[in-house]
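Q:
Protein chains: 2
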Amino acid sequence: MKDVKFNYNPHISVDCVVFGFDGEKLKILLIERNIDEGKEFYSDKKLPGSIIYEEEGLDTAASRILTELTGLKNVFLTQFHSFGDPQRSSNPRDVNWLEMTTQTKIGRIVTVAYIALIKIDRKIVFDSESTTAKWYDLDDLANMKLAFDHNEIALKALSFMRRFISLVPNALFELLPKKFTMTELRSLHDIVVGVTSDVRNFQKKVLQTPGLIPLDEVKKNVPHRAPKLYSFDKRKGSKIFF
Amino acid sequence: MKDVKFNYNPHISVDCVVFGFDGEKLKILLIERNIDEGKEFYSDKKLPGSIIYEEEGLDTAASRILTELTGLKNVFLTQFHSFGDPQRSSNPRDVNWLEMTTQTKIGRIVTVAYIALIKIDRKIVFDSESTTAKWYDLDDLANMKLAFDHNEIALKALSFMRRFISLVPNALFELLPKKFTMTELRSLHDIVVGVTSDVRNFQKKVLQTPGLIPLDEVKKNVPHRAPKLYSFDKRKGSKIFF
């Protein structure tokens, strides 16, 4: 072995990429940090994430931190990739903030990233004065400069989700409300897969999905003709891995 | 945030699960550690892996460490999962060994695991007095107690490979020699997928694979009738992700 020093204060964090769907657009859950640096006040956005505790497993840390920062509990988080570019913590603001919140000298940080697909009507709460959890349009991500390498992590999560859903299309239902219209399902499908489906063919194909249940209900409070509602029974559909 | 201390000397390592196929069995590349503890001498096995350097990306670290411990260069390593159970470094021998080799106080270690499928005839070299790299039968893994949680990592890599090959069957060719017999391909397929294929049906199906090339050659130095050789042209076959 070369004469290398390993006491460079490395740390391990987890970050959560949580996707939702509002009926029209894909959304990502981000934390707004409001930081008083003494001389200056600034605000930016980041993924929900933080340093893991000493005696904590990675999955446990991801769940704990997501709950602390957003109030969300029992979210099915799947680990999808770890990020360890030495440059990911090159912005002094990110490191200062972390050192301030952890009261620890922080060198390098490797983060283990998790993904979750959730229904957007779940209640988000935030109990900190300095952070706020909110849904943002995924389309706007390109114009935001998130903390650390969180833009890269979010994009990798998006491509992971796309690949996953091309293999397990039923995972789409995780993003829909319990009762949804055919238009909502098609919009979501088209955004995720990156296609424009024919309305009739799509409906014909989808109605053959085991577990898809047409309801004797229509959507209320809509401007035009009230569309029929559907639900999806996981137990009857193919296995959903998310 | 709770009053938590983060200065618990966490470290980040990478570990590589390298699979090969000897014509009959799946093999895994392991490092034999021979350790002189002063009072006692002992020997055990582990995955090729180590702590990452301060200024090194994860992929770079995995390649460097695999080369240092096995001599293998330009191996296509894919990150598949990170392991961070706090108990994974609970064996004092593992920690002592790491502290000895790194000359650093080691607390918790999270490891980022990589997988590679390689041709078993690649040259393995080892230049250390205290370690030896060798192929072992994957079947024997259940009877070996590897260092840290390396048994668990190897099993997770195996199930990752199985799932991957069920989606991208062409990845199997990474494990075969450049020229292979139909029997070798079928044995490998059956081991990985966990089935017993019908000889004729298998051959019929495989011969339709784009990129599979029947050669005007037979395998030499075999006891019975010399079997025909085949090769596989990646560029003509489906995309291989590994």
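Protein sequences appear in the order of chains A and B.
Taking my numbering, the leading residue of the first sequence gets 6, the next gets one more, and so forth.
Taking my numbering, the leading residue of the second sequence gets 6, the next gets one more, and so forth.
Heads up, the beta-carbon is just placed ideally off N, CA and C, and yes, glycines get one too.
Given the structure is predicted, the values throughout are model-derived calculations rather than measurements.
Against chain A, with Cβ distances strictly below 8 Å, would Ser-87 (chain B) count as a contact?
A: Yes, Ser-87 (chain B) lies at the interface with chain A (some Cβ there is under 8 Å from its Cβ).
Q: Under 8 Å, Cβ to Cβ, is there at least one residue of chain B near Asp-90 (chain A)?
A: Yes - at least one Cβ of chain B is within 8 Å of the one on Asp-90 (chain A).
Q: Residues in its own chain within less than 7 Å of Gln-213 (chain A) by CB, not counting five upstream and five downstream?
A: There are no such residues.
Q: Which residues of chain A have a Cβ atom closer than 8 Å to the Cβ of Leu-172 (chain B), listed in chain order?
A: Here the neighbours are Leu-172.
Q: Quick one: Cα of Glu-73 (chain A) to Cα of Phe-24 (chain B), how far?
A: Taking the straight line from one Cα to the other gives about 41 Å.
Q: Looking at C-alpha atoms only, which residue of B:Ile-33, B:Thr-116 and B:Phe-11 is the closest neighbour of Leu-146 (chain B)?
A: Checking every option, the nearest Cα to that of Leu-146 (chain B) belongs to B:Ile-33.
Q: Given a cut-off of 8 Å on the beta-carbon distance, is the pair Phe-26 (chain A) and Leu-181 (chain A) in contact?
A: Contact: yes.
Q: If you draw a straight line from the alpha carbon of Phe-153 (chain B) to that of Thr-116 (chain A), how long is it in whole angstroms?
A: Roughly 21 Å between the two C-alpha positions.
Q: Run the CB neighbour count on Thr-75 (chain B), radius 10 Å, all protein chains shown included, and call it buried at 16 or more, exposed below.
A: The residue in question, Thr-75 (chain B), is buried, as its Cβ has 16 or more Cβ neighbours within 10 Å.
Q: Using only alpha-carbon positions, find the residue among A:His-155, A:Leu-35, A:Val-211 and A:Asn-96 that is nearest to Asn-175 (chain A).
A: Out of A:His-155, A:Leu-35, A:Val-211 and A:Asn-96, A:Val-211 has the C-alpha closest to the C-alpha of Asn-175 (chain A).
Q: Indicate whether at least one CB of chain B lies closer than 8 Å to the CB of Gln-213 (chain A).
A: Cβ-Cβ to chain B under 8 Å: no for Gln-213 (chain A).
Q: Of all the options B:Phe-11, B:Val-223, B:Arg-240 and B:Lys-241, which has the alpha carbon lying nearest to the alpha carbon of Lys-233 (chain B)?
A: The candidate whose alpha carbon is nearest that of Lys-233 (chain B) is B:Val-223.
Q: Cβ of Gln-142 (chain A) within 8 Å of Cβ of Lys-30 (chain A)?
A: Looking at the sequence provided, one finds Asp at residue 142 (chain A) rather than Gln. For Asp-142 (chain A) and Lys-30 (chain A), yes; Cβs fall inside 8 Å.
Q: Please tell me whether Tyr-47 (chain A) and Ile-56 (chain A) are closer than 8 Å, where the distance is taken between their beta carbons.
A: Going by C-beta atoms, Tyr-47 (chain A) is not nearer than 8 Å to Ile-56 (chain A).
Q: Go through its chain and collect everything with a Cβ distance to Ser-94 (chain A)'s Cβ below 6 Å, but skip five positions before and after it.
A: Closer than 6 Å at the Cβ level, and outside the excluded window around Ser-94 (chain A), lie Val-100 and Ile-114.
Q: Would you say Tyr-13 (chain B) lies against chain A (beta-carbon separation less than 8 Å)?
A: At least one chain A Cβ lies under 8 Å of Tyr-13 (chain B).
Q: Per the DSSP calculation, Gly-54 (chain A) is bridged to which residue(s)?
A: Answer is A:Asp-20, bridged to Gly-54 (chain A).
Q: In chain B, what lies closer than 7 Å to Thr-137 (chain A) by C-beta?
A: Near Thr-137 (chain A) there are no residues of chain B at all, since even the closest Cβ is about 16 Å away, more than 7 Å.
Q: What alpha helix (DSSP H) runs, 4 residues minimum, are completely inside the region 37–117 of chain A?
A: Those alpha helix (DSSP H) runs which fall completely within the region 37–117 of chain A and span 4+ residues are 63–75 and 97–107.
Q: Check for me: the beta strand (DSSP E) holding Val-223 (chain B) runs from which residue to which?
A: Counting along the chain, the beta strand (DSSP E) containing Val-223 (chain B) begins and ends at 217–223.
Q: Beta carbon of Pro-215 (chain B), beta carbon of Lys-184 (chain B): below 8 Å?
A: Not in contact: Pro-215 (chain B) and Lys-184 (chain B) (Cβ atoms no closer than 8 Å).
Q: In whole angstroms, what separates the C-alpha of Leu-122 (chain A) from that of Lys-110 (chain B)?
A: Their backbone Cα atoms lie some 39 Å apart in a straight line.
Q: Taking just the CA atoms, how far does Lys-239 (chain A) sit from Leu-177 (chain A)?
A: Between Leu-177 (chain A) and Lys-239 (chain A), the C-alpha separation is close to 11 Å.
Q: Candidates B:Asn-226, B:Phe-237 and B:Asp-20: which alpha carbon is nearest Thr-65 (chain B)'s?
A: When only C-alpha atoms are compared, the closest one is B:Asp-20.
Q: Could you name the residues of chain B that Val-117 (chain A) contacts, counting a contact when the two beta carbons are closer than 9 Å?
A: Here the neighbours are Ser-87, Gly-89, Val-115 and Val-117.
Q: Return the first residue and the last residue of the beta strand (DSSP E) that Lys-139 (chain A) is part of.
A: Note, Lys-139 (chain A): beta strand (DSSP E), 136–142.
Q: Assign Phe-185 (chain B) to one of three DSSP states: helix, strand, or coil.
A: DSSP places Phe-185 (chain B) in strand when its eight states are reduced to three.
Q: What distance in whole Å lies between the Cβ atoms of Ala-159 (chain A) and Leu-52 (chain A), which are believed to be in contact at a cut-off of 8 Å?
A: Indeed they touch by this definition, with Cβ atoms about 7 Å apart.
Q: Should Ala-118 (chain B) and Phe-169 (chain B) be called a contact, given that it needs their Cβ atoms to be closer than 8 Å?
A: The answer is no: Cβ separation not under 8 Å.
Q: What are the start and end residues of the alpha helix (DSSP H) that includes Phe-2 (chain A)?
A: The question about residue 2 (chain A) has no answer, for chain A in this structure spans 6 to 247.
Q: I'd like to know if His-16 (chain B) contacts chain A, where contact means its C-beta is closer than 8 Å to some C-beta of that chain.
A: Closer than 8 Å to some Cβ of chain A, the Cβ of His-16 (chain B) qualifies, so yes.
Q: Anyone know if the C-beta pair for Glu-61 (chain A) and Pro-228 (chain B) falls short of 8 Å?
A: No, the pair does not count as a contact, with Cβ atoms beyond the cut-off.
Q: Please say whether Leu-172 (chain A) and Leu-217 (chain B) have beta carbons closer to each other than 8 Å?
A: The answer is no: Cβ separation not under 8 Å.
Q: Spatial neighbours of Lys-10 (chain B) within its chain, please: CB distance less than 7 Å, with the 5 preceding and 5 following residues excluded, ordered by chain position.
A: Within the same chain, Lys-10 (chain B) has no close Cβ partners at all.
Q: Quick check: what's the CA-CA separation for Leu-190 (chain B) versus Phe-207 (chain B)?
A: Distance between the alpha carbons of Leu-190 (chain B) and Phe-207 (chain B) is about 10 Å.
Q: Mapping the DSSP letters down to three states, classify Ile-196 (chain A) as helix, strand or coil.
A: Of the three classes helix, strand and coil, the one that applies to Ile-196 (chain A) here is helix, per DSSP.
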